[in-house]
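Trainee: For the record, the sequence lines run as chains H and V. Start counting the first sequence at 1; every next residue gets the next number (this note's numbering). Start counting the second sequence at 1; every next residue gets the next number (this note's numbering). Ideal Cβ positions, reconstructed from N, Cα and C, are used throughout, including at glycine. This one's a predicted model, so the numbers in the text were calculated from it and none came from an experiment.
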Amino acid sequence: MNDRGLLERVRRGDHEAFSQLYALYQSAIYRYAAHMCGAAAADDIVQDTFVAILRQPSRYDPARGPILGYLLGIARHYVSKRLAAGGHESPLDAFDPQGDRGAAAETLAPDTPLDAATRDELVAQVRDAIASLPPVYREAVVLCELQELDYASAAAIMRCPIGTVRSRLHRAKALLTAKLAERHGAAAVMMRPNR
Amino acid sequence: MNDPRRGTTLDHALRSIAEEDARLCASPAVEANAMAAFHEVARARHRRRRRIVAALGVAAVVVAMAVGGFEVRRLNSGEPSFQTSDVKLQTSSEVATAFLPLAYSGVPIADGHVVRLEVPRASLISFGLVPADDVGSESASSGTVLADVIVGDDGLARAVRFVRRPLRKETRQ
């Protein structure tokens, strides 16, 4: 059953098809929403996304990519609304004052403690660092690294050129590294091997 | 990046997060709510479809009434329920088929009307009936036959029967 066939069955009121659609894609939507808005809001966003699909199942265009991208695009709409309502973070489409062009010029801390951190600690630290990224960069990391979407799919969801996705991801990684280095600056000095 | 090890380590951490997150999913309550929404939307669509069909049914009856001769008899207006067995032929000499169910015969009916109208003789064939050789009847020359259609108050036609009026020579006897 392809995506279009599945949605067509949903449109006709096929309960099994809707269950199948939900089982296939709820996790990906939940993970995206949880990283963007927090776990508490993720449930609501998953629900809103599937209700939206129910109301307008005919809007999906297979020519524009797989259904996951379509669903994440709907979820992104709700994420953006929540971020805007929250007021403490810039919305996803907001202008980035530093600009995407600044990615390559991002300078890193000369040394980081990443190599010395244990795996679990490092993962926890990276999680925190991702959560603290500006939404536009966090989204690039979530879609390209954590959801493992290709640049084209991510660009379709983010409604921006592929080059912008690349530069945002590059800058996001630079910011992550910098944040980790900043957090462990003292430790890095202590753990730097003598040369 | 200046140190390729940093990117590698970060990439490893990101992959670990992706693997850990793969197990995450929405709470069961979300699925229950989504399913409830699904059923609500399905019900709303069904209601909308029924309203459209009912409107079309009403329109069809109105058109039939405007075009052909017809006769409407209100059935037991005081009765809460509609019963086809109460329908009586206009005259004892009329011959009619049993009521034949139509597409919406399964839809519950609280009250309704019998609408008498003339329909093309070809309609008999569509119900598997053979047109009788009733040359001399009132409608034979016009290529139509009489039909009683049970129409519910919701505008949906539930059943039809075909009526043959007595031949002239039968009437004279």
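#1: Give me the residue from I130/H, A63/H, F50/H with the minimum Cα distance to C37/H.
#2: Under 7 Å Cβ-Cβ, which residues of chain V neighbour Q47/H?
#3: Would the stretch 49-59 of chain V count as touching the stretch 52-72 of chain H if we require 3 or more Cβ pairs under 8 Å?
#4: Would you say F13/H faces chain V, with C-beta separation under 8 Å as the test?
#5: Would you report the Cα separation of S27/H and P28/V, rounded to the nearest angstrom?
#6: At a Cβ cut of 7 Å, what residues of the stretch 21-33 of chain H count as close to chain V, listed as they run along the chain?
#7: Counting along the chain, where does the alpha helix (DSSP H) carrying L7/H start and finish?
#8: Would you call T8/V buried or exposed, if buried means 16 or more other Cβ atoms sit within 10 Å of its Cβ?
#9: Suppose contacts are defined by Cβ-Cβ distances below 8 Å. Is V165/H in contact with A172/H by that definition?
#10: Nearest to F174/V by CA position, among R45/V, L146/V, R161/V, is which residue?
#11: Check the Cβ of R119/H against every Cβ in chain V and list those closer than 9 Å, keeping chain order.
#12: In angstroms with no decimal places, state the Cα-to-Cα distance between L102/V and Q47/H.
#13: Quick check on DSSP: helix, strand or coil for D14/H?
#14: Excluding sequence positions up to five away, which residues of its chain have a Cβ less than 8 Å from the Cβ of Y25/H?
#15: Can you list the residues of chain V that K179/H reaches, using a CB-CB cut of under 9 Å?
#16: What does DSSP give as the partner residues of V107/V in its beta bridges?
#17: Could you tell me whether the Cβ of D96/H comes closer than 8 Å to any Cβ of chain V?
#18: Can at least three beta-carbon pairs, one atom from the stretch 74-84 of chain H and one from the stretch 17-24 of chain H, be found at a separation below 8 Å?
#19: Touch check for the stretch 150-164 of chain V and the stretch 106-115 of chain V: three-plus C-beta pairs under 8 Å?
#20: Taking the alpha-carbon positions, what's the V149/V to H113/V distance?
#21: Check distances from the C-beta atoms of the stretch 165-179 of chain H to those of chain V and list, in chain order, the residues that come in under 9 Å.
#22: For P62/H, does the three-state DSSP call read helix, strand or coil?
#23: Within a Cβ cutoff of 8 Å, which residues of the same chain sit near E94/V, ignoring the five residues on either side of it in sequence?
#24: R45/V CB to nearest chain H CB: under 8 Å?
#25: List the residues of chain V whose Cβ lies closer than 8 Å to the Cβ of A40/H, in chain order.
#26: Could you give the first and the last residue of the continuous alpha helix (DSSP H) run that contains T97/V?
#27: Spatial neighbours of A40/H within its chain, please: CB distance less than 7 Å, with the 5 preceding and 5 following residues excluded, ordered by chain position.
#28: Short check: CB of V10/H to CB of A37/V, under 8 Å?
#29: Just checking: is the beta-carbon of F38/V within a distance shorter than 8 Å of some beta-carbon in chain H?
Mentor: In terms of the structure at hand:
#1: Stepping through the first sequence from its first residue, residue 37/H is reached at position 37. If we check each option's Cα against that of C37/H, I130/H comes out closest.
#2: For the purposes of this step, residue 47/H is taken as the residue at position 47 of the first sequence. Under the 7 Å cutoff, chain V gives V30, N33, A34.
#3: no
#4: Within the first sequence, numbered from 1, the residue matching residue 13/H stands at position 13. It is Gly, not Phe, that sits at residue 13/H in the sequence shown. True, the Cβ-Cβ gap to chain V drops below 8 Å.
#5: Counted from its first residue, the first sequence places residue 27/H at position 27. Counted from its first residue, the second sequence places residue 28/V at position 28. Cα to Cα, S27/H sits roughly 12 Å from P28/V.
#6: Hits within the stretch, in order: Y22, Q26, S27, Y30, R31.
#7: Sequence index remark: in the first sequence, residue 7/H carries index 7 (1-based). Run containing L7/H: 3-11, per the alpha helix (DSSP H) assignment.
#8: For the purposes of this step, residue 8/V is taken as residue 8 along the second sequence, with counting starting at 1. Its Cβ having fewer than 16 others within 10 Å, T8/V is exposed.
#9: Numbered from its first residue, the first sequence carries residue 165/H at position 165. Numbered from its first residue, the first sequence carries residue 172/H at position 172. Cβ distance not < 8 Å, so V165/H and A172/H don't count as in contact.
#10: Lying before the first or after the last residue shown, residue 174/V is absent from chain V, which here runs from 1 to 173.
#11: The count along the first sequence starts at 1 and reaches residue 119/H at position 119. Within chain V, the residues placing a beta-carbon under 9 Å from that of R119/H are H12, A13, S16, ordered along the chain.
#12: By one-based count along the second sequence, residue 102/V stands at place 102. By one-based count along the first sequence, residue 47/H stands at place 47. Using only the alpha carbons, I get a separation of about 41 Å.
#13: By 1-based counting over the first sequence, the position of residue 14/H is 14. When secondary structure is reduced to three states using DSSP, D14/H falls in the coil class, being assigned neither helix nor strand.
#14: Taking the first sequence and counting its residues from 1, the one referred to as residue 25/H is at position 25. Closer than 8 Å at Cβ, skipping near neighbours: I67, L68, L71.
#15: Residue mapping note: residue 179/H aligns to position 179 of the first sequence, counting from 1. Here the premise fails: no neighbours, minimum Cβ distance about 11 Å.
#16: Translated into positions along the second sequence, residue 107/V becomes position 107. BP columns for V107/V are empty, so no partner.
#17: Position 96 of the first sequence, counted from the start, is the residue given in the question as residue 96/H. With a pLDDT of 47 at D96/H, under the threshold of 50, the modelled position of this residue cannot be trusted; read the value that follows with caution. Taking Cβ atoms only, chain V never reaches closer than 8 Å to D96/H, which makes this a no.
#18: no
#19: yes
#20: In the second sequence, counting from the first residue as 1, residue 149/V sits at position 149. In the second sequence, counting from the first residue as 1, residue 113/V sits at position 113. Near 8 Å, if we compare the C-alpha coordinates of H113/V and V149/V.
#21: K173, A174, L176, T177
#22: The count along the first sequence starts at 1 and reaches residue 62/H at position 62. It is helical.
#23: The count along the second sequence starts at 1 and reaches residue 94/V at position 94. Counting only Cβ-Cβ distances below 8 Å, and skipping sequence neighbours, we find V163, R164, R165, P166.
#24: Start at 1 with the first residue of the second sequence, and residue 45/V comes out as number 45. It does: the Cβ of R45/V has a partner Cβ on chain H nearer than 8 Å.
#25: The residue you call residue 40/H lines up with position 40 of the first sequence. Within chain V, no residue comes near A40/H; the closest Cβ sits about 11 Å away, beyond 8 Å.
#26: Locating residue 97/V in the second sequence gives position 97, where the first residue counts as 1. Element bounds for T97/V: n/a, residue is neither H nor E.
#27: Sequence index remark: in the first sequence, residue 40/H carries index 40 (1-based). The answer is none, since no qualifying residue turns up.
#28: Start at 1 with the first residue of the first sequence, and residue 10/H comes out as number 10. Start at 1 with the first residue of the second sequence, and residue 37/V comes out as number 37. Cβ atoms of V10/H and A37/V: not closer than 8 Å.
#29: Here residue 38/V corresponds to residue number 38 of the second sequence, with the count starting at 1. With 8 Å as the cut-off, F38/V counts as an interface residue toward chain H.
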